[in-house]
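All letters in the sequence shown, in the order written, are residues -27 to -1, 1 to 742 by mature numbering (1 follows the signal peptide of the UniProt record, and there is no 0).
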Amino acid sequence: MAKMAASITTTFIYLFTVFLLYSTIEARQDFATPTGSNFTYVCDPKRYALLGLNMAQFPFCDSSLPFEVRARNLVKHMTLKEKVNQLGNNAEGVTRLGLPRYEWWSEALHGVSYVGPGTFFDSVVPGATSFPPVILTAAAFNESLWKNIGEVVSTEARAMYNLGRAGLTFWSPNINVVRDPRWGRALETPGEDPFVVGTYATNYVRGLQDVKGTEEHQDLNTRPLKVSSFQRYDFDARVQERDMVETFLRPFEMCVKDGDVSSVMCSYNKVNGIPSCADPKLLNQTVRRDWNLHGYIVSDCDSIEVMLHAQHWLGDAPEDAVAQTLKAGLDLDCGKFYPSSTESSVRQGKVREETIDTSLTYLYVVLMRLGFFDGSPQYECLGKKDICTAESIELATEAAREGIVLLKNDDQTLPLKTDKCKSIALIGTPCRYTTPFEGLSRYASVDSALGCWDVNCGDANLFPPALKIMNEHDATILVMGIDLSIEAESRDRSNLLLPNFQPELIKQIADSCKGPVILVLFSAGGLDITFAKNHPNIKAIIWAGYPGEEGGAAIADVIFGKYNPGGRLPLTWYENSYVDMIPITAMRLRPVDELGYPGRTYKFFNGSTVYPFGYGLSYTKFNYSLLTEPCSVHVKLEKFQPCYQDLEYKCGVDKPECPGVVINEHLSCHETVKIKVSVQNVGSYDGSEVVMVYHKAPEGIAEAPIKELIAFRRVFIKAGESATVEFDINVCKSFQLIDFSAYRILAAGTHTIVIGDDLVSLPVEILPC
C-alpha cells in the first residue's frame, strides 16, 4: 500500500477487513505495568489502577453501555489537539484517559505480512503461513477454500497479537478488477470478473472477521469481529458511470453488503477529475449511505500528500485538503496530514470539529467490536503453537493444488507414472520455499540446470548445460515465466511475452528433446505462449501462478497424478498484439470502434485469445446433463411503475413494446430460476470440476456483454460417478444489464443460461406484466 513508483490502474477504493486494530510492540508496551505484567485490553480495572486513574470516571469503559454511546463519550473527553492526534495510522493515544497508542497499518493479502509497521517477525515468530498469492487461489473457484484461508490468517494474526508481534488491523484484500493484462498488481487480485472478485472478497473477509456463533448478529454495528478486515499519483481515470456500476464498484458493493466488511480504503488516483479520497459521492453517498458500511474509511498511504503535491487539487493548502477529505467521508489518514493540519483547519473555520467527532466515533466503535477495550476471551489462548501449524501448511499446499491450471495435455502425457518416469531433467529457475526440485525429488531422480542466470534470461550462455542433460532422462520439465521483478506494484509490463531468451531456450529444448517436454509457467498475468501451445513436442503446459510456500510440492503432486488439476484461469490470456490495440490508460471496457479499441475482459473482447477466461483441463472428462426445463418468469410491475423505454437495441432489431424495467426499491426482486445439472465423471481419474454458469442477454440489445458469469461451484466427483449441482438464480441480481445511463435494467425477452463452455443451455423468458 505504501507510496511507490508509477503503476497505471483503475483503482478507486480498496477493501480490507478490520482484523484487530491494535498493533506493534510499541503499542503493546503501553499496556505494560511497572512490574512487567501485561494487559491486553484497555478497560481492565487493574490496568487503570496501575496507571493511577479511576476507571469509574470514564463511561467509555462501562461495558453495559452501547458501543456508539461509549465511543462518543471517549471522543468528548478529548481536546481538539488530542482528537487530531488519533486521526493518523500511528495514533498517539491519550495518556490522561488511559488510552494507549496503536498502529492501524498491517497487511495480510495471502497470510500475515511484514508489510506495514504494525507487524514484524523475529526469532520468536519467524514467519506466518504463506498461502499462494490471490490470483492463483482465485483460480480454484472454491468459496469454502477462500473462507478457510481467511480463518487461518485471522487466527495467526490473533496469535501474533497475543505475542506482541502483530496488530489487529490488516488492510487486505485488494479486490480491484484486473482491467488490463499489463497491470503489475494482477497477482494481488482475484482476476478480471467482478462477480468472481466480489465472491472471493466476501468469503475471505467472512473468514477473517466472523466470530463463530455471531455471524447472524441482528445489529451489524455491534457485531463482534475476530479481526478487522495503488501510478496512481497524478493519473485521472476517466470512467463512464456505466462501467463504474457494472465492473469497478461491483466487487466492493458485494463485499460491503454481503461480507459486512468493516473498512474501505480510497486510492491515490483521481476518478473523473476528483481524487478518490476527496469524493463525497463515492465515500459518503455510495460506500457509507447506499451500501451501509458498518465501519470506517481510510486513505491509501500518503494519498492526501499526493493530492497536494502531485495532483495540485484545487490549489489547496494542507488545511484545505484535510477539510475536503474529512467532509467527503475519509475517517483515517494513512499518513501525517490529518495529525499535522487538522487542528489549524478547524481553527481557520474550514471544517467542523463535529466532523472529526463523527470519524473518531466510527473508529472506536470498530475497536470496541474487536474487543480492544473489553478483551476477547475466546482468543486469549492463541499463541506460537497456532502459527504455521501442520494443518495450515497443508491448507496452503491444497490452495496451490486447487489453483494450478492444466493448459495443455497432448496424448495424455500427464500425469507421469513413477514406474516409467524415474529420472527428470529440470531446467529453469525454481521458486523459493518448497521448490519444484524438492517436490519432484519425492517422485523421481532429478537433475537440474538453470538455463538462464535469472528470470530475465538476458543471454544464451547457460543453454549448453541445459541442452546436455535433457536427453539423459525420461522427461524434461521446463520451469519458466516471470516474477515480481517484472510484474508487481509499480511494475506494469510493456508486453505479454516471456522475457528475452526464454522462448528460444524452450524452442531449442522442445525441438531436440527425445522424451516428453512439460512446461511449467509462473506468472500472475497472462502470457502469449502461442509458440509453445502449438509446438508438437511440448506435450503439456501447466500454469502455477505464484504458488506460495508449498508450491513445489503442489506442482509435483499434479505432474505425477497425486492430485488431478481442476483450476480455471481467472484472466483472459491475450495474444501479444493486444497491447498495440489499446493503451493501458484507456478505461472503456466495451469496444470503441472509432478508436480501434477491441474491448476488455471475456465479457467484451471477441478477438482470438491464447487461452480464454475460465479455461482449464483435467486428467478426466466430465459430461453435463441439464435437469431443468425452459421456463418463463413473470415480473409484476407496481401500479405506478412504467416500462423502461430507453434500453438501446442494435440497428434493425425491433424493440419490444415493454423493453424492460428499472431495478430499484420499487420492484419486487424475489423471482428466481432454479437450475439443476447432472455432472458425470466419465473418465478414469477422480477429480474436481468447476461448474460455471453464465448469463447471455436477449439477442439484439446494444452493447450487452457477450456473456457474464453469474454462479459457479467446485465439486469433487469420483471416476464413474455423478453429482447433481443446484443453483438458485435471482433474476434481478443475475440477469441485470447496466444501460448507458447506469440504470440497472431487467430486460424483457429470452435470456439464456449457459453452463460450462456452452455444453448445455437453458432459455428463460422474462415477461414484465
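Ideal Cβ positions, reconstructed from N, Cα and C, are used throughout, including at glycine.
Since the model is a prediction, treat every value here as computed from it, not as a measurement.
In the three-state scheme derived from DSSP, where H, G and I count as helix and E and B as strand, D730 is classed as coil.
The alpha helix (DSSP H) runs of length 4 or more contained entirely in the segment 98 to 170 are, from start to end of the chain, 107 to 111, 116 to 135. A distance below 6 Å between beta-carbons, with the five flanking residues on each side excluded, links G424 to the following residues of its chain, in chain order: I400, G401, L435, A439, L478.
Looking at the backbone, the Cα of S496 and that of A483 are separated by about 21 Å. Taking 3 residues as the minimum length, the beta strand (DSSP E) runs contained wholly in the segment 498 to 539 are 511 to 516, in order along the chain. Contact between the segment 571 to 585 and the segment 673 to 692 is present, with at least three C-beta pairs closer than 8 Å. Under DSSP, I690 takes part in a beta bridge, and its partners are G660. In the three-state reduction of the DSSP assignment, S421 falls in the strand class, which pools E and B. Around the beta-carbon of A130, 16 or more other beta-carbon atoms lie within 10 Å, marking it buried. Cβ-Cβ separation between Y584 and G660: approximately 19 Å, too far for a contact (criterion under 8 Å). Cβ neighbours of G572 within its own chain (closer than 6 Å, five residues either side excluded): R563, P564, F578.
Collapsing the DSSP output to three states places V737 in a strand. By DSSP's assignment, I400 forms a beta bridge with A422, L451. Taking 8 Å as the cut-off, the beta carbon of V664 is found closer than this to the beta carbon of I728. Contact check for E462 against R215 fails: the beta carbons are separated by 8 Å or more. In this chain, the beta strand (DSSP E) harbouring K381 covers 378 to 382. Bounds of any beta strand (DSSP E) do not take in G412; it lies within the alpha helix (DSSP H) bounded by 409 to 414.
Look at E699 here: in three-state DSSP terms it is strand.
V650 carries a strand assignment under DSSP once its states are collapsed to helix, strand and coil. The Cβ atoms of H83 and P99 lie no closer than 8 Å to each other. Residue environment analysis places V655 among the exposed positions, since fewer than 16 neighbouring C-beta atoms fall within 10 angstroms of its C-beta.
Counting the other CB atoms within 10 Å of its CB gives C631 a total of 16 or more, which places it among the buried residues.
K300 is the residue among E353, K300, Y352, C307 whose C-alpha sits nearest the C-alpha of T331. Inclusion of N147 and E161 in the CB contact set at 8 Å is warranted, their separation being smaller than that value.
In the structure shown, the three-state DSSP call for W286 is helix. A513 places its beta carbon 8 Å or farther from that of T370. Around the beta carbon of P509, fewer than 16 other beta carbons sit within 10 angstroms, so the residue counts as exposed. P224 is not a Cβ neighbour of V378, given a cutoff of 8 Å. Counting along the chain, N637 sits inside no beta strand (DSSP E), nor does DSSP assign it H or E at all. The Cβ-Cβ distance between V608 and C742 falls below 8 Å. Residue pairing for C705: DSSP places it in no beta bridge. Excluding the 5 residues flanking it on each side, S317 has same chain C-beta neighbours closer than 6 Å at E292, in chain order. Secondary structure at A81: coil, using DSSP grouped into helix, strand and coil. L109 is the residue among F40, T391, L109, T52 whose C-alpha sits nearest the C-alpha of P520.
Runs of the beta strand (DSSP E) lying entirely within the segment 549 to 604, each at least 3 residues long, are 582 to 584, 595 to 599 in chain order. For the pair L492 and C228, the Cα-to-Cα distance works out to about 37 Å.
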